Amino acid sequence: MCKAFIFDLDGVITDTAELHFQAWLRMANEEGYYFDRKINEQLRGVSRRTSLSIILAGTKLSEIQTTVLMARKNKYYLEQLESLSEKDILPGIRSLLLELNARGIKVAVASASKNARYVLYQLGLIPLFDAICDGWSVVRSKPEPDIFIYAAGQLRVNTCDCIVMEDAEAGIHAARAAGMQVVGIGPSARVGQADWHFNDTATFDLTTVLENAEPNMM
Ligand code: G6P
Ligand code: MG
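Per this note's numbering, the very first residue in the sequence shown carries number 134; after that it's consecutive.
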């Protein structure tokens, strides 16, 4: 039985992947590391630190150098977030949140981003969530299940009663490992292994998902 919906943020509620890309690209160009959109696909859903290690492609840096580069990329990303607003909410998401609220289904965000709260603030969506779980909430990032288990705890629901909406392979693995059913948003090559698959948020259909959600086994 579905008692809670847990949303990934980047690529599900808003498309900040492009903003992350521009910020990483600026840093990589300044430092002389090769980076392109294909490599950027590997950064979807993973932490800032893991993203940097993918861009470094085996180059070893000290902890101080690593911290400096992550901070610089984040500064560039925050500059981009200044212009984020309600217009950047992906199609259908605001009405979906309102419908879930009206049906008494709890809603949370579970994002690897340490900027998740600021992004939601810029989008004007904070009041629509019962819990906001972000990159500060747990130590191990997706594909580990920790953020989703933490979100279920914040919502006071069993993990088996949660449905996750994700656009990243790492997120789908994490949700599965948490014992949750998953809606995949995006191309089937990326999210085809989810329980339900929609090409984008505009075509998501809540009724289909709720009708086919696993009954509560507890
Ligand atoms: C999300 C994005 C990733 C990003 C991560 C950390 O999961 O999909 O691309 O690297 O958050 O974001 P942050 O804002 O903390 O750097
Ligand atoms: Mg995502």
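Ideal placement from N, C-alpha and C gives every residue a C-beta, glycine not left out. Remember, it's a predicted structure, so these values are computed and weren't measured experimentally.
If you measure between the beta carbons of residue i and residue j, is that distance less than 8 Å?
| i | j | result |
| --- | --- | --- |
| residue 202 | residue 185 | yes |
| residue 159 | residue 209 | yes |
| residue 267 | residue 239 | no |
| residue 152 | residue 246 | no |
Measure from the alpha carbon of residue i to the alpha carbon of each residue in the options, then state which is nearest.
| i | options | result |
| --- | --- | --- |
| residue 233 | 306, 344 and 138 | 138 |
| residue 237 | 219, 261 and 251 | 261 |
| residue 178 | 274, 205 and 187 | 274 |
| residue 136 | 288, 156, 252 and 219 | 288 |
| residue 197 | 182, 187, 209 and 191 | 182 |
| residue 194 | 269, 166 and 172 | 166 |
In angstroms with no decimal places, state the Cα-to-Cα distance between residue i and residue j.
| i | j | result |
| --- | --- | --- |
| residue 281 | residue 140 | 10 Å |
| residue 162 | residue 301 | 26 Å |
| residue 170 | residue 154 | 7 Å |
| residue 351 | residue 241 | Residue placement at residue 351 is poorly supported in this model, since its pLDDT is 49, which falls under 50; the coordinates still yield a value, given next. Going by the C-alpha atoms only, they are around 22 Å apart. |
| residue 244 | residue 304 | 9 Å |
| residue 324 | residue 317 | 5 Å |
| residue 331 | residue 306 | 17 Å |
| residue 176 | residue 253 | 20 Å |
| residue 345 | residue 296 | 11 Å |
| residue 134 | residue 285 | 14 Å |
| residue 327 | residue 348 | 18 Å |
| residue 231 | residue 191 | 45 Å |
| residue 199 | residue 283 | 28 Å |
| residue 189 | residue 172 | 11 Å |
| residue 426 | residue 174 | With the chain covering 134 to 351 only, the question about residue 426 has no answer from this structure. |
| residue 258 | residue 310 | 28 Å |
| residue 216 | residue 329 | 33 Å |
| residue 218 | residue 294 | 32 Å |
| residue 168 | residue 308 | 29 Å |
| residue 338 | residue 226 | 11 Å |
| residue 220 | residue 322 | 28 Å |
If contacts are defined as beta-carbon pairs under 8 Å, then residue i and residue j qualify, I think. What distance do you get, rounded to the angstrom?
| i | j | result |
| --- | --- | --- |
| residue 271 | residue 279 | 4 Å |
| residue 255 | residue 214 | 6 Å |
| residue 224 | residue 335 | 4 Å |
| residue 147 | residue 222 | 6 Å |
| residue 299 | residue 145 | 7 Å |
| residue 340 | residue 313 | With a Cβ gap of about 19 Å, residue 340 and residue 313 do not count as contacting. |
| residue 269 | residue 206 | Not a contact, Cβ separation roughly 17 Å. |
Taking DSSP as the reference, what is the three-state secondary structure of residue i?
| i | result |
| --- | --- |
| residue 314 | strand |
| residue 338 | coil |
| residue 329 | strand |
| residue 350 | Interpretation of residue 350 is limited by its pLDDT of 49, a score under 50 that renders its predicted location unreliable; the figure taken from the coordinates is listed afterwards. Coil at residue 350, not helix or strand. |
| residue 179 | coil |
| residue 295 | strand |
| residue 263 | coil |
| residue 300 | coil |
| residue 138 | strand |
| residue 199 | helix |
| residue 222 | strand |
| residue 279 | helix |
| residue 239 | strand |
Around the ligand SAM, which residues pass a check of Cβ closer than 5 Å to any of its heavy atoms?
-> Within the structure as shown, the ligand SAM is missing, the only ligands being the ligand G6P and the ligand MG.
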